[in-house]
Amino acid sequence: MVEEKYELSEADREIIDALRALEKDSGKSARQFAADHLTYSETVWGRVQSGEYFKMVSDPEKVIITLRRDLGRLQREMALSGRYTNTEWKQTDEARAIFKAMDACRVKPMSDPNRLILYLAPTGGGKSQLCGQAVKRHNAKVVEARESWLRGYFTCLRDIGTALGVKVEKIYTPDALEDEIIEALIRRKTTLAIDEGEFFSARSLNLIKLFLNKTPTVILLCAIPEAYEAWTKANSHEARQVRRRTHAVIRLSPIHPDMAAKFLTGLKISEAQIKPVCVVLSKFANAFGHFDMINRMVADLHECDKVDVDELKKIGNAIRAEMDLPPISFEGGK
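Per our numbering, the sequence shown starts with residue 1019, numbered consecutively.
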């Protein structure tokens, strides 16, 4: 009986071609690309590209399924990375304090587990931008917490493992995945940045403690203050244990007009208008949206023929209306 040759479909070839393109764009060797991103070794990956490997296995279709999964994971990793490597950034006092704390934590020995830095800021307070700067400065690995972490500890482990480059697909138990993640964190001193840190259960808080106890990892945890207080109250014992391992807690202060002035670069604005414009910017920012609000208002200012306080108030309240927020009144014209 003659064994039928597996014929690659157009969709199969698209998967292989997409992975080849990503390998080329990565600048990595075939060996490193396979080690970092593929289920298969460099040798198998080479045979897949030549078509030879499909003659060597009993279930060629399974090869494609595996490669499709690898491609999807890599594309998700790149999308997440893109969010944190293409962020605009304005230096703040809080950011300076955070990076000073991170530098101090990175030189601590593993015997000192106090390597957690908490950044608490409301919506628009620069948490994602801060994670992006951690990627730029320290090659941090970023993971976004999500609501499913509250219901599924394994989901939390998979998300963190994926962010660290651990091949999680063939690991089916939490204990085994914990071990793989810890081994990865021990092999290389890592800064782990956790964005959207609103969703912690007792078990995921214990995982943070485990990382700090068993590895030299530095952890930056960014969260909305109200959410931080909620999971601290709901998991008081575990939160207390995490607090004991915290190097610094840094909260976003109200945005001062001097800080708002840093966002006006490129605008044609008279000296007389700079101070009142910054006052209005900071008032809108502190009411809701913080740095995100300033960025939106300044972007609209670039479309205006003139930059003045009255125009800025209209812009700010128009944006608030889009968000279903009430307008801000300025009594007496202030």
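Idealized CB from N, CA, C, for every residue including glycine.
Check: Does DSSP put I1242 in a helix, in a strand, or in coil?
Finding: Within the sequence shown, residue 1242 is the residue found at index 224, counting from 1. Here I1242 carries a coil assignment [DSSP, helix/strand/coil].
Notebook entry, point to check: DSSP three-state call for A1266: helix, strand or coil?
Noted result: By 1-based counting over the sequence shown, the position of residue 1266 is 248. Residue state, collapsed to three classes: strand.
Check: Using a Cβ-Cβ cut-off of 8 Å (strictly less than) and excluding sequence neighbours within five positions of P1243, which residues of its own chain qualify?
Finding: Here residue 1243 refers to the residue found at position 225 when the sequence shown is read from its first residue. Closer than 8 Å at Cβ, skipping near neighbours: L1138, A1139, P1140 and R1269.
Margin query: How far does the beta strand (DSSP E) with I1135 in it extend, from its first residue to its last?
Written below: Reading the sequence shown from its first residue, position 117 is the one you call residue 1135. In this chain, the beta strand (DSSP E) harbouring I1135 covers L1134 to L1138.
Check: Which of helix, strand or coil does DSSP assign to A1211?
Finding: As a position in the sequence shown, residue 1211 is number 193, starting the count at 1. Strand, per DSSP.
Margin query: I need the straight-line Cα distance from E1032 to L1089, nearest angstrom please.
Written below: Along the sequence shown, one-based indexing puts residue 1032 at 14. Along the sequence shown, one-based indexing puts residue 1089 at 71. Between E1032 and L1089, the C-alpha separation is close to 11 Å.
Notebook entry, point to check: Can H1308 and G1143 be called in contact, C-beta distance under 8 Å?
Noted result: For the purposes of this step, residue 1308 is taken as the residue at position 290 of the sequence shown. For the purposes of this step, residue 1143 is taken as the residue at position 125 of the sequence shown. Taking 8 Å as the Cβ cut-off, H1308 and G1143 qualify as a contacting pair.
Item checked: When I1226, R1205 and D1197 are compared against A1163, the one with the closest alpha-carbon -> Position 145 of the sequence shown, counting from 1, holds the residue named residue 1163. For A1163, the nearest C-alpha among the options comes from I1226.
Check: Which whole-angstrom value describes the C-beta separation of V1184 and I1199, a residue pair presumed to lie in contact below a C-beta threshold of 8 Å?
Finding: By one-based count along the sequence shown, residue 1184 stands at place 166. By one-based count along the sequence shown, residue 1199 stands at place 181. So it is a contact: roughly 6 Å between Cβ atoms.
Next item on the list: Would you give the residue range spanned by the beta strand (DSSP E) that V1160 belongs to?
Entry: Walking along the sequence shown from the start, residue 1160 turns up at place 142. Per DSSP, V1160 belongs to the beta strand (DSSP E) from K1159 to E1162.
Check: Cβ atoms of I1346 and K1301: under 8 Å apart, would you say?
Finding: As a first step, residue 1301 is located in the sequence shown; it is residue number 283 there, counting from the start. As a first step, residue 1346 is located in the sequence shown; it is residue number 328 there, counting from the start. Their beta carbons are under 8 Å apart, which means K1301 touches I1346 by this criterion.
Margin query: Do T1209 and L1238 count as a contact pair if the criterion is CB distance below 8 Å?
Written below: Taking the sequence shown and counting its residues from 1, one reaches residue 1238 at position 220. Taking the sequence shown and counting its residues from 1, one reaches residue 1209 at position 191. Yes, they are a contact pair.
Checklist line | In DSSP terms, what V1236 is bridged to | finding: As a position in the sequence shown, residue 1236 is number 218, starting the count at 1. The beta-bridge partner set that DSSP reports for V1236 consists of T1209.
Next item on the list: Just the C-alpha distance for V1020 and K1080, rounded to the nearest angstrom, thanks.
Entry: Translated into the one-based positions of the sequence shown, residue 1020 becomes position 2. Translated into the one-based positions of the sequence shown, residue 1080 becomes position 62. With a pLDDT of 42 at V1020, under the threshold of 50, the modelled position of that residue is not reliable, and the figure given next carries that caveat. Approximately 21 Å, taken between the alpha carbons.
Next item on the list: Give every residue of the same chain whose Cβ lies closer than 7 Å to the Cβ of D1197, excluding the five residues on either side of it in the sequence, and list them in chain order.
Entry: Numbered from 1 along the sequence shown, position 179 holds the residue referred to as residue 1197. Excluding residues within five positions, none has a Cβ falling inside 7 Å.
Next item on the list: Could you check if T1283 is buried or exposed, using at least 16 other CB atoms within 10 Å of its CB as the buried criterion?
Entry: Along the sequence shown, read from residue 1 onward, the residue named residue 1283 stands at position 265. Label assigned to T1283: exposed.
Checklist line | Inter-residue spacing [alpha-carbon to alpha-carbon] between S1027 and Y1071 | finding: Position 9 of the sequence shown, counted from the first residue, corresponds to residue 1027. Position 53 of the sequence shown, counted from the first residue, corresponds to residue 1071. Using only the alpha carbons, I get a separation of about 15 Å.
Margin query: Need the endpoints of the alpha helix (DSSP H) that A1141 sits in, please.
Written below: Taking the first residue of the sequence shown as 1, we reach residue 1141 at position 123. Strictly speaking, residue 1141 in this sequence is Thr, with Ala absent from that position. No alpha helix (DSSP H) holds T1141; DSSP gives it neither H nor E.
Notebook entry, point to check: Which term fits R1253, buried or exposed, when burial requires 16 or more other beta carbons within 10 angstroms of its beta carbon?
Noted result: Looking up residue 1253 in the sequence shown gives position 235. First, the amino acid is wrong: residue 1253 is Asn here, not Arg. N1253 should be labelled buried.
Check: Can the beta-carbon of M1120 be found less than 8 Å from the beta-carbon of V1236?
Finding: If you number the sequence shown from 1, residue 1120 lands on position 102. If you number the sequence shown from 1, residue 1236 lands on position 218. A distance below 8 Å separates the beta carbons of M1120 and V1236.
Margin query: If the criterion is Cβ atoms closer than 8 Å, does the pair K1046 and D1054 meet it?
Written below: In the sequence shown, counting from the first residue as 1, residue 1046 sits at position 28. In the sequence shown, counting from the first residue as 1, residue 1054 sits at position 36. Yes. Within cutoff.
Notebook entry, point to check: For C1322, does the three-state DSSP call read helix, strand or coil?
Noted result: Working through the sequence shown from its first residue, we reach residue 1322 at position 304. C1322: coil per DSSP, three-state reduction.
Note to self: Between I1333 and M1315, how many whole angstroms is the CB-CB distance? I'm expecting something under 8 Å.
What the structure shows: Position 315 of the sequence shown, counting from 1, holds the residue named residue 1333. Position 297 of the sequence shown, counting from 1, holds the residue named residue 1315. That pair is a contact at about 5 Å.
Next item on the list: Going by CA-CA distance only, name the one from K1118, F1117, R1124 and I1135 that's closest to T1264.
Entry: Mapped onto the sequence shown, residue 1264 falls at position 246. Closest option to T1264, Cα to Cα, is I1135.
Note to self: Only counting the same chain, and skipping five residues up and downstream in sequence, which positions put a Cβ closer than 7 Å to that of I1273?
What the structure shows: Numbered from its first residue, the sequence shown carries residue 1273 at position 255. Scanning its chain for C-beta atoms nearer than 7 Å, with the 5 sequence neighbours on each side dropped, one finds around I1273 the residues S1300, A1303, N1304 and H1308, in chain order.
Check: Using CA coordinates, which residue listed in L1330, A1241, R1258 and V1260 is at the minimum distance from L1285?
Finding: The count along the sequence shown starts at 1 and reaches residue 1285 at position 267. Checking every option, the nearest Cα to that of L1285 belongs to L1330.
Note to self: Below 8 Å on the Cβ atoms is my contact criterion, and I expect V1267 with V1295 to pass it. Report the Cβ-Cβ distance as a whole number of Å.
What the structure shows: Sequence index remark: in the sequence shown, residue 1267 carries index 249 (1-based). Sequence index remark: in the sequence shown, residue 1295 carries index 277 (1-based). In fact, because the Cβ distance is near 33 Å, the residues do not count as touching under 8 Å.
Margin query: Only counting the same chain, and skipping five residues up and downstream in sequence, which positions put a Cβ closer than 7 Å to that of L1056?
Written below: On the sequence shown, position 38 is the one that residue 1056 refers to. Cβ neighbours of L1056 beyond the five flanking positions: W1063 and D1088.
Margin query: Along the chain, where does the alpha helix (DSSP H) containing L1343 start, and where does it finish?
Written below: Numbered from 1 along the sequence shown, position 325 holds the residue referred to as residue 1343. First-last for L1343: undefined, no H or E at that position.
Margin query: Using 8 Å for Cβ pairs, my map puts V1160 next to A1194. What's the rounded Cβ distance?
Written below: The residue given as residue 1160 occupies position 142 in the sequence shown. The residue given as residue 1194 occupies position 176 in the sequence shown. Between V1160 and A1194 the beta-carbon gap is near 24 Å, outside 8 Å, which marks them as no contact.
Margin query: So R1049 and E1041 are supposed to be a Cβ contact under 8 Å. How far apart are they, rounded?
Written below: The residue labelled residue 1049 in the question sits at position 31 within the sequence shown. The residue labelled residue 1041 in the question sits at position 23 within the sequence shown. Going by Cβ atoms, the distance from R1049 to E1041 rounds to 11 Å, so no, they are not a contact pair.
Checklist line | Per-residue DSSP class, three states only, for S1166 | finding: Stepping through the sequence shown from its first residue, residue 1166 is reached at position 148. In the three-state reduction of the DSSP assignment, S1166 falls in the helix class, which pools H, G and I.
Margin query: Would N1231 and E1256 be called neighbours here (beta carbons separated by less than 8 Å)?
Written below: Within the sequence shown, numbered from 1, the residue matching residue 1231 stands at position 213. Within the sequence shown, numbered from 1, the residue matching residue 1256 stands at position 238. Against a cut-off of 8 Å, the Cβ pair of E1256 and N1231 comes out as no contact.
Next item on the list: Provide the residue span of the alpha helix (DSSP H) that contains V1033, from first to last.
Entry: Walking along the sequence shown from the start, residue 1033 turns up at place 15. The identity of residue 1033 in the sequence shown is Ile, whereas the question assumes Val. Unbroken alpha helix (DSSP H) run through I1033: E1028 to S1044.
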